[in-house]
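Written out below as structure tokens is the structure these notes cover.
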Amino acid sequence: MQPRDDNMALNYISFEDIQKVLNFKNLIPCMESALAKFSNKTAVQPVRAVARIKDKNGFLAAMPAVSPEDGAIATKVLTFFPENKNCPTHHAIIIVFNPETGIPEVLMDGDVITTMRTAAVSAVATKYLCTPHPRILAILGAGVQGESHYHALTSTFEFTQVRIWSRTTENSRKLAEKVGAITCQTAEEAVCDADVIVTATSAQTPILKSNWVKPGVHINAVGACCPDWQEIEPELMRSSVVYTDSREAALRESGDVVISQAAIFAELGEVVIGQKEAQRTKTTIFKSLGMAIEDVLSARLVCDLLAKADDQVKVPVQDRTQS
Ligand SMILES: NC(=O)C1=CN([C@@H]2O[C@H](COP(=O)(O)OP(=O)(O)OC[C@H]3O[C@@H](n4cnc5c(N)ncnc54)[C@H](O)[C@@H]3O)[C@@H](O)[C@H]2O)C=CC1
Ligand SMILES: O=C(O)C1=NCCCC1
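Just so we're aligned, residue 2 is where the sequence shown starts under this note's numbering, counting upward by one.
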């Protein structure tokens, strides 16, 4: 067994470097394509392996995916510790492998990609599923995803009003002041008459009720990623047209789907490829759980953008396999 030579050392791509090149303009189309590749089965992606960490109420997850047509082989490894107080609740790294040899080539921060790709996917869902010209956006949850969804959705739509509610009013006030939105004291006040709603909390029991929302609203349900957790009242799940990123994952991981036993109408990717209808005039819910293929194609995009921006990130393969 030979040790690796220096030529095979892993490149590291930092949080800051990723932030420099990734934006919603380049990420949203990439995520639309990731959803399509998942649903037309050109990408290979099992449901993630999750090891729950009971005393932290959280988990460790391994999220591999392969897209042969992109030469993309990578895996995200992620922890979710929802009770963290003085540091973020999610931490992730992504390992990118050489598509010809399987040699690990790049290790990159996974936090920026997790933060941005989740909101970018919700922007795709909203584009297909909301009523034309949405005016009012309501965001429930003022954490990392609440803020990222503000940016992704306001960069895609021209809302006349954005309202933010959080369990801790101080947090929603801070975010609302930072981005120029309105703070609401209750979730009901925030979602009243909204055209688009985002639920992005670590709640384990429903925070969004059926009789608060207007018919025809589109909801991006981003939190509650365990089979015994919920963000959405079961009645609202059952009375809406439910879309998911992965049907298989939703049936295994989403408490909102599992507990309500709501029917899943389609995967979002099936809508993107034209296989299933976007029922825009109905109340729609996009139940997002997050997919490895989103991380893998985001990582591919970052490598390509950095390689283009300067030649320091050695993405090309041939040099590295010659000894
Ligand atoms: N679908 C996907 O692809 C992804 C989903 N997520 C999920 O989205 C949710 C939000 O993630 P982040 O913003 O990164 O977390 P965060 O920790 O930054 O923010 C969590 C927010 O939820 C609020 N919250 C916590 N417990 C609550 C409760 N019982 N009731 C109401 N609000 C409560 C907090 O006050 C905070 O505003 C989490 O459930 C997370 O696991 C995160 C990343 C990707
Ligand atoms: O896909 C992800 O990344 C996540 N999904 C569910 C919650 C943790 C992060």
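Glycine is no exception: its CB is placed at the ideal position from the N, C-alpha and C atoms. Please read these numbers as outputs of a predicted model, since none were measured by experiment.
**Asked** Under three-state DSSP, which class holds Gln313?
**Response** Note that Gln313 has pLDDT 49, beneath the 50 cutoff, so the model's placement of it is unreliable and the number below is only indicative. Looking at Gln313 - three-state DSSP - the assignment turns out to be coil, as it is neither helix nor strand.
**Prompt:** Whose CA, out of His91, Arg49 and Lys288, lies closest to the CA of Ala198?
**Reply:** It is worth fixing the name first, because residue 198 is Ile in this sequence and not Ala. When each option's Cα is compared against that of Ile198, the closest is Lys288.
**Message:** Is Arg174 close to ligand 1? I mean its beta-carbon at under 7 Å from any heavy atom of the ligand.
**Reply:** Checking every heavy atom of ligand 1 against the Cβ of Arg174, none is found closer than 7 Å.
**Request:** Classify Met2 as helix, strand or coil using the three-state DSSP reduction.
**Result:** coil
**Request:** Would you decide whether Tyr151 is buried or exposed? Buried here means 16 or more other CB atoms lie within 10 Å of its CB.
**Result:** buried
**Prompt:** How long is the line joining the alpha carbons of Pro100 and Val45, rounded to whole angstroms?
**Reply:** Val45 has its alpha-carbon roughly 14 Å from the corresponding atom of Pro100.
**Message:** What would DSSP say about Ala212, mapped onto helix, strand or coil?
**Reply:** It should be pointed out that residue 212 corresponds to Asn in this sequence rather than to Ala. Here Asn212 sits in helix by DSSP.
**Message:** Helix, strand or coil, according to DSSP, for Ile19 in the structure here?
**Reply:** helix
**Request:** Have a look at the DSSP bridge pairing and note the partners of Trp166.
**Result:** Leu141
**Request:** In angstroms with no decimal places, state the Cα-to-Cα distance between Arg253 and Met64.
**Result:** 15 Å
**Segment contact flag, the region 101-110 with the region 124-144, C-beta cutoff 8 Å, min 3 pairs** = no
**Request:** State the beta-bridge partners of Asn12 as determined by DSSP.
**Result:** Val107
**Exposure of Gln319, with buried meaning 16 or more beta-carbon neighbours within 10 Å** = Reliability fails at Gln319, whose pLDDT of 48 lies under 50, so the model's placement of it is uncertain and the value that follows must be treated cautiously. Gln319 comes out exposed.
**Asked** So does Arg168 have its beta carbon nearer than 7 Å to some heavy atom of ligand 1?
**Response** yes
**Request:** May I have the straight-line CA-CA distance separating Glu234 from Ser211, to the nearest angstrom?
**Result:** Taking C-alpha positions only, Glu234 is separated from Ser211 by approximately 6 Å.
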